[in-house]
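Inspection log for the structure reproduced underneath, given as structure tokens.
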Ligand SMILES: Cc1ncc(COP(=O)(O)O)c(C=O)c1O
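Numbering (our numbering), first residue to last: 16 to 486.
Put into structure tokens, the structure is as follows:
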């Protein structure tokens, strides 16, 4: 027994497989150029390991696939909606549930119904679609992260928290009715997937309510946040995850959910609230933009799979495996001297690209330089989360590249390969050029921008990193 070293064993076995292949290096170079040096234009079949996002990319369980067959496709009063409503109410304590096709659908109808031009919505950090949807109705999103979030090396447990002092000041100084909503994104995707503590959620709710605002939580990754609360907040060390979730939701007036994350489905989401007036205000906009109240732009079978996923996601073994995979990657990269945001977040590894690619000025997007390097060097697709994504918004505190881990999809070997590719890039980062924007839309530009390198790329022949025989 004394020699036994713990091994991470996935709490599932694989029942169906999807082949993947790595293109030869010269082809990767060609595909990247054809994609205007923007990984969003790459075809999935040309990607070896796809860490672009953890959104809608997870594997469904056999129980979810079974639920699909039982979906009730009625336009109104679908049983699949009833099942979803019951699961969401049991989880959140909120009886009013409106399905939506995905998270931004929830943001769109919710803000359209409840915000007016000139109003302000503070948050720990808004996700980019949230920010864009608040702006679209003429209101202003404001980010109030804690100062610890600006230091990628600081091992603080809850770097996703909102700065309650700055929030109190903003609420105190606002005109009456100017701040109708305070938001918390759990976990804080835009700032490294870092968790928000229960104490911070409690204080935020207390402040919001004192000033007549409502607390709205973006709960895309609520289960991962609950897991971190249990790991890192001493009062919760032995509290079951479901009870942590219920307490967390008890502070919120409403929730916006992209179920493509912790709903464990490829598409779906919902709005939940405990207030009849919020429901009444949002419902007509839901019918106008998403669909009738009991399907919200989704098929009945998609509602059914979401109801099952929302129950599976709080499984201890699943969360331990998932959060463990991310933590191991962060440890392995840190050990090799590759700058990563620490401590590990829940769904992704964030590389500090302006340190790794410090020869590329911020104006030439060091994050994009690393994103292109990852695809060219290893067929790995990641996502820039820095100045390219932020556009003309305030500069992010650092330039990141996010390697998002899809749920129940990749094994430790796949992720070990990605660590090796990053280590190979880190041995000679200066061979990779920066980028300039050739063409981009005004809103959410990183999705569709065309880019061009600011210098020559290295030769593909130097980047045919060998795979082990039999791989
Ligand atoms: C925190 C957060 N909120 C909202 C969204 C938007 O959700 P969707 O992509 O389902 O529209 C995302 C998507 O990545 C997210 O991470």
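Backbone N, C-alpha and C define an ideal beta-carbon position, used for all residues, glycine too.
Bear in mind the structure is a predicted one, so any value in this text is a computation, not a measurement.
Sorry if obvious, but does the Cβ on residue i come closer than 6 Å to a heavy atom of ligand 1?
i, result
"residue 273", "yes"
"residue 200", "yes"
"residue 235", "yes"
"residue 261", "no"
"residue 138", "no"
"residue 118", "yes"
"residue 142", "yes"
"residue 204", "yes"
Helix or strand or just coil, what does DSSP make of residue i?
i, result
"residue 452", "strand"
"residue 365", "strand"
"residue 426", "coil"
"residue 486", "No answer about residue 486 holds up, because its pLDDT of 47 lies below 50 and its placement is not dependable."
"residue 236", "coil"
"residue 149", "helix"
"residue 353", "coil"
"residue 467", "strand"
"residue 143", "helix"
"residue 480", "coil"
"residue 24", "coil"
"residue 475", "helix"
"residue 259", "helix"
"residue 375", "coil"
"residue 338", "helix"
"residue 29", "coil"
Tell me residue i's beta-bridge partners as DSSP assigns them.
i, result
"residue 285", "114, 272"
"residue 203", "209"
"residue 384", "DSSP, once it has assigned bridges, lists no residue as partnering residue 384."
"residue 419", "363"
"residue 123", "DSSP, once it has assigned bridges, lists no residue as partnering residue 123."
"residue 195", "None; residue 195 has no bridge partner."
"residue 398", "417"
"residue 155", "135"
"residue 231", "198, 269"
Please name the residue, chosen from the options, that lies closest to residue i on a Cα-to-Cα basis.
i, options, result
"residue 243", "263, 180, 468", "263"
"residue 21", "443, 375, 339, 464", "339"
"residue 314", "94, 428, 51", "94"
"residue 29", "52, 56, 74", "74"
"residue 352", "367, 278, 363, 320", "367"
"residue 272", "142, 168, 51", "142"
"residue 481", "435, 345, 346", "435"
"residue 345", "43, 207, 316, 81", "207"
"residue 237", "107, 445, 117, 217", "107"
"residue 123", "376, 105, 140, 145", "145"
Tell me, please, whether the CB atom of residue i is closer than 7 Å to any CB atom in chain C?
i, result
"residue 125", "Absent here is chain C; the protein component of the structure consists of one chain."
Does the distance between the C-beta of residue i and the nearest non-hydrogen atom of ligand 2 fall short of 6 Å?
i, result
"residue 70", "In the structure shown, ligand 2 is absent; the only ligands present are ligand 1."
Any chance the region 193–200 sits against the region 125–138, with 3 or more Cβ pairs inside 8 Å?
yes
Assess contact between the region 465–479 and the region 381–393, defined as three or more Cβ pairs (one per stretch) separated by less than 8 Å. Is contact present?
yes
How do the region 112–124 and the region 282–290 stand: do at least 3 beta-carbon pairs fall below 8 Å, yes or no?
Below 8 Å, enough C-beta pairs join the region 112–124 and the region 282–290 to call them touching: three or more.
Stretch pair the region 393–403 + the region 62–70: three plus CB contacts closer than 8 Å
yes
Pairs of beta-carbons, one from the region 77–97 and one from the region 247–258, closer than 8 Å: are there three or more?
no
Report yes or no: do three or more beta-carbon pairs, one from the region 140–160 and one from the region 99–108, lie closer than 8 Å?
When C-beta atoms of the region 140–160 are compared with those of the region 99–108, fewer than three pairs fall below 8 Å, so the two segments do not count as touching.
Within the chosen definition, does the region 320–336 reach the region 137–151 through at least 3 CB pairs nearer than 8 Å?
As far as the Cβ criterion goes, the region 320–336 does not touch the region 137–151, which means the pair count is below three.
Does the region 164–184 come close enough to the region 203–221 to have 3 or more Cβ pairs within less than 8 Å?
yes
Would the region 451–464 and the region 356–373 be scored as touching if the rule is three or more Cβ pairs under 8 Å?
no
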